[in-house]
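Protein chains in written order, with the numbering used here: chain D, 817 to 1166; chain Y, 817 to 1166; chain W, 817 to 1166; chain B, 817 to 1166.
For each residue, glycine too, the CB sits at the ideal point set by N, CA and C.
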């Protein structure tokens, strides 16, 4: 159950406070360039440290255990791990009896008969998105001339003036500081766009494995997602057919992009465009009322541990990674993309 | 690629104007009650005929080819087909050169090298949702005391006063009549709720196979979906943690349902609640400008054939079916649901 | 569970005495030639009628429900069904209490809580190999210049002088007549060879999805198989490395074929060669002692119904079909076979 | 492609001379006992060191990275790795131009465009069976009262007098010494038996996922397997139905075991019994003629590196592991095994 994809297949493992977390990536074209320093740079994009992110700092140094030789994928599974060093497990003891609102603590206990690792959320920790970013790097490398670009376009209801720099937007910073002061947290909305000459017509399969089906499947795997919409999204439900339809133009491309780049589940050559809603961080300092199962009564909980005020700040690279993982699988499954045959390696990078 | 699910697995086949469409449903608990008349009633819920739906009328009579004996699932695959009778294939000839805006005509031609069946949209037709409703009936039968209820809560921007009767709401009818008069079409929003004592804590798998991941995967397979949101949905991105979090109450249930019944990808016992945005019907009578590849210039297109003004009207039973298919698979995969062991058959119905 | 393959995926359904049996074949290259008359001819190879085969005669007329248009695969799932007409269900009533030795009657009853269809073996019937032959025909059509040829090389311990004509070999006929006279049955051994210019180096995946793993998986799905061996087979265990190893020659092909065409799970360009052991038909007229669960004591059973004396006679085309299904999936999964890209259709037939 | 199983799912990774090899095991019942010292003991059974095995010695110390807490499976994926220390990579340089007969060197080069890791066979190395033994240990722990026992019953054509002690049998030792002196190698046959009260009727699925299909699939993944046969095996093809059939006795068990414990693909309660033929080690010191692609002519090759004279000596624990992996998956997939529900943990060990 901890795998995704048919040919380009990503498996994840690890707990927040165990020895290591990591991923196994199967089905990477032999010859794909895997440059360690580029991988490190991509991972740095997910790091905490900015305003509104957790003070837990990890080295997050990737260790490639298999599948890469001389900066190239060998064709065998690629395994990348990260050791966990900076753990404060004692923070989590009391949560066994007093599950955090908005967290998986309680449901995990029921599902796993209390055998799950409760420290730091265990396998349910947001830290599991770290190997996802590593797998996303590998997925992006499989492509020629396709870019994946996600940006935070809204934080706690504030729309930053320059989306690409939400972290530095004064209004956003003000909202974060206010929430932090209250011991509260904020959500946000991320927009992702996939485009480039390599994004040809024909990615996706009719019905079950439509592009939207697979992307939404992967995106909802990211902890804290509450919604996703493509192209005109929910607004499409309020438009007329004559407004929403994208006519096909002389260059075989749609003349506008209300569909978000997908018709009948299959890419139409226009950029794939979608938005993702992230909830506010569940773990807050502000006291909350929840059940204390030891004392068998409702009680006030102040969540311990170190948490992001707005984890959405760190998610754009994760959204990109998930999207690249989906698209890499569709690329490898498709019969039509001759130029991506493995002989060519990832010539985009050459 | 035309299958979904791991244990409760649905495969679909068929083209709009071919001899038959149908589904194969694998992994049904032996002993599950399959009552032919109930199946027919469920299918009738998807039928056209009301205001705003297509005048194409099919008998839609299910033929069970395998897997059922004496009104019970045998444990072998269940195959249900529907023959196609009322087809007007000649309507579709010109669309090969002049692809309909908002349709898969063009992308299918590229992907399948023009070998696809173009008549009535072929395998891309909305008619493929008919066997989905049949599979959904079977999926619902697997459950004890779980109800699946979807309703149209908005049509073309109009919120009906009584959601359950959107078809009869005077404002909705007025909007449909206006769109019909213009040769245009409308979209809509469907809300779905899953609840009951059988909806225990523990459905869903952490990460990749979260409840939201699987439901969204299946829902985006329905032609014409543009967005999905769970619980507080996109609004959650504008809430604070202290507002959005659902504290756990003394009965082990959340005291409110901002999460839509799911924490960490796993059901928490509250109703699963989500909304789906459907676009307006793509095929409209109103003239549209699109490319005519034969004449090699932009040209006006009046889409022929018989189409729904608002296909969203027919989708609630499809949304329920998809949700039941997902949940049946999670039920069969879960290790924790002893009372659903096959010995008991589907005692809910007894 | 009733499917096999990742991209070229075959699902089967149906019971011996239900309305119909059939298969859904997913992942067929669009443009693959599917000639109805050729399909009928292939199916005729499995028919009964010869010495030693059952007197149950079925028309075995394939009905193509979906996925084929103008003699070409459209790219959508291909569904082929066969109706069951010549059924004698009453023959099977007593077997519920007195399970046939060598049959699945008893285990099916336990596994399916007696909800399974017992008539004619239900889903466990050898008749389910009929849609397999249909799927095998489609699989063979996907290939350019690859032949699949299986022959019965031994019947009841008798090695026919001309393997290809085992049915007509006088010694074989004599052995069959003797077994028939005693109300007994015979087994046999089938040898299968896959070869041709299209059988390039590189089919198969390392480890789990080795060519031998997948072929043996599919072959053991055929009812009545007891063993399989590749190349030198069991004899290899008695050879020295210097005897068994196949050196690579100047044409990049092995100079002999002790490995049966596969190294490290991957085809080496030499013919794939393997042998399959079929047990004698389980259903025999000769009285056998078995448990009578109604009377709760051991009792004599004379199996009713119409059965093959040696069903192995009818299996070569089934072995070929299974092998072609496996190889078609490996072909579609492989990244290296450019010339088989779908643009070319199945040019081998043109 | 590097995974096997549906619910109990094993993925493997690593190259012979890379940093580490390992496995990820998904779907382990939470609460299953995982005792580190027992794991180490099981792994020791695969070690070299005896007569006829390679002088390459590795510590083979398992490192559990995830999924185990307090000696119990948490329900999250279990990852176990082994670092590679004792590598002589320079031994393998010349093999790029002069591929070893009987090895995957050549086919891997074609399939992976020479990007594969050639050192020590890379991902194709027999060393990959080390994590399989670790996964097999975990698989065995899932069971209550089921034993998996494999023994070497024949070495180079010599049948040891006491099968369980083939390594110490004087005739076997003599044969190994003779082969070693010639720089040659030997094969062998392993017999495996699965039995116990926990081996109930009902493991396995009809048709594609028959017990024999899945076991043979996994067994042929072990490098060097040439054949497999169940129960009477190839000999069944020479028996009459009245000889081969296993009547069912009053205790619901077959009175003899010609079928090897499986009817219609489903366990019948008798021990599962099968034999596996291993070829002689491909890498031999004795000079062999093969193609030298650098010099473009046939040339003599003396394979460098450290190799087993008879690797079959080390395979019984691997055969057991593969069988346990298959059976654990069938156990978890089956709906009928209530007593194995995860609440009970692995009570067999308590």
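Taking Cβ to Cβ, would you say residue i is nearer than 8 Å to residue j?
i	j	result
residue 1127 of chain W	residue 1006 of chain W	no
residue 1010 of chain W	residue 1020 of chain W	no
residue 820 of chain Y	residue 828 of chain D	no
residue 933 of chain D	residue 892 of chain B	yes
residue 847 of chain W	residue 838 of chain W	no
Identify which residue in the options has its Cα closest to the Cα of residue i.
i	options	result
residue 1124 of chain B	B/1046, B/1149, B/1003	B/1003
residue 1080 of chain W	B/1037, B/873, B/895	B/1037
residue 992 of chain D	Y/835, Y/1057, Y/845	Y/1057
residue 1109 of chain Y	Y/916, Y/829, Y/897, Y/938	Y/916
residue 951 of chain Y	Y/1150, Y/1070, Y/1145	Y/1145
residue 1050 of chain Y	D/1150, D/1041, D/1065	D/1041
residue 918 of chain D	Y/896, Y/1105, Y/1063, Y/852	Y/1063
residue 1129 of chain D	D/955, D/968, D/841	D/968
residue 863 of chain Y	Y/1030, Y/999, Y/946	Y/946
residue 825 of chain W	W/1089, W/939, W/1029, W/840	W/840
residue 1067 of chain B	B/844, B/1016, B/964	B/1016
residue 871 of chain B	B/996, B/852, B/973	B/996
residue 985 of chain D	D/867, D/925, D/935	D/867
Helix, strand or coil for residue i? Go by DSSP, reduced to three states.
i	result
residue 824 of chain W	coil
residue 1069 of chain D	coil
residue 1058 of chain B	helix
residue 1079 of chain B	strand
residue 1107 of chain B	strand
residue 1130 of chain Y	helix
residue 965 of chain B	strand
residue 1125 of chain Y	coil
residue 1009 of chain D	strand
residue 942 of chain W	helix
residue 859 of chain W	helix
residue 1163 of chain B	The predicted position of residue 1163 of chain B is uncertain, since its pLDDT is 34 and thus under 50; no value can be drawn from it.
residue 929 of chain D	coil
residue 817 of chain W	coil
residue 1002 of chain D	strand
residue 1147 of chain W	helix
Run the CB neighbour count on residue i, radius 10 Å, all protein chains shown included, and call it buried at 16 or more, exposed below.
i	result
residue 1044 of chain D	buried
residue 921 of chain D	buried
residue 975 of chain D	exposed
residue 900 of chain W	buried
residue 990 of chain B	exposed
residue 886 of chain D	exposed
residue 970 of chain Y	buried
residue 1084 of chain Y	buried
residue 1053 of chain B	buried
residue 902 of chain D	exposed
residue 1073 of chain Y	buried
Decide yes or no for the touch test of the region 1112-1123 of chain Y against the region 1096-1103 of chain Y: beta carbon pairs closer than 8 Å, at least 3 of them. yes
So does the region 976-986 of chain W actually touch the region 1135-1150 of chain W, counting three or more Cβ pairs closer than 8 Å? no
Is the region 841-856 of chain W touching the region 875-886 of chain W in the sense that three or more CB pairs, one from each, lie closer than 8 Å? yes
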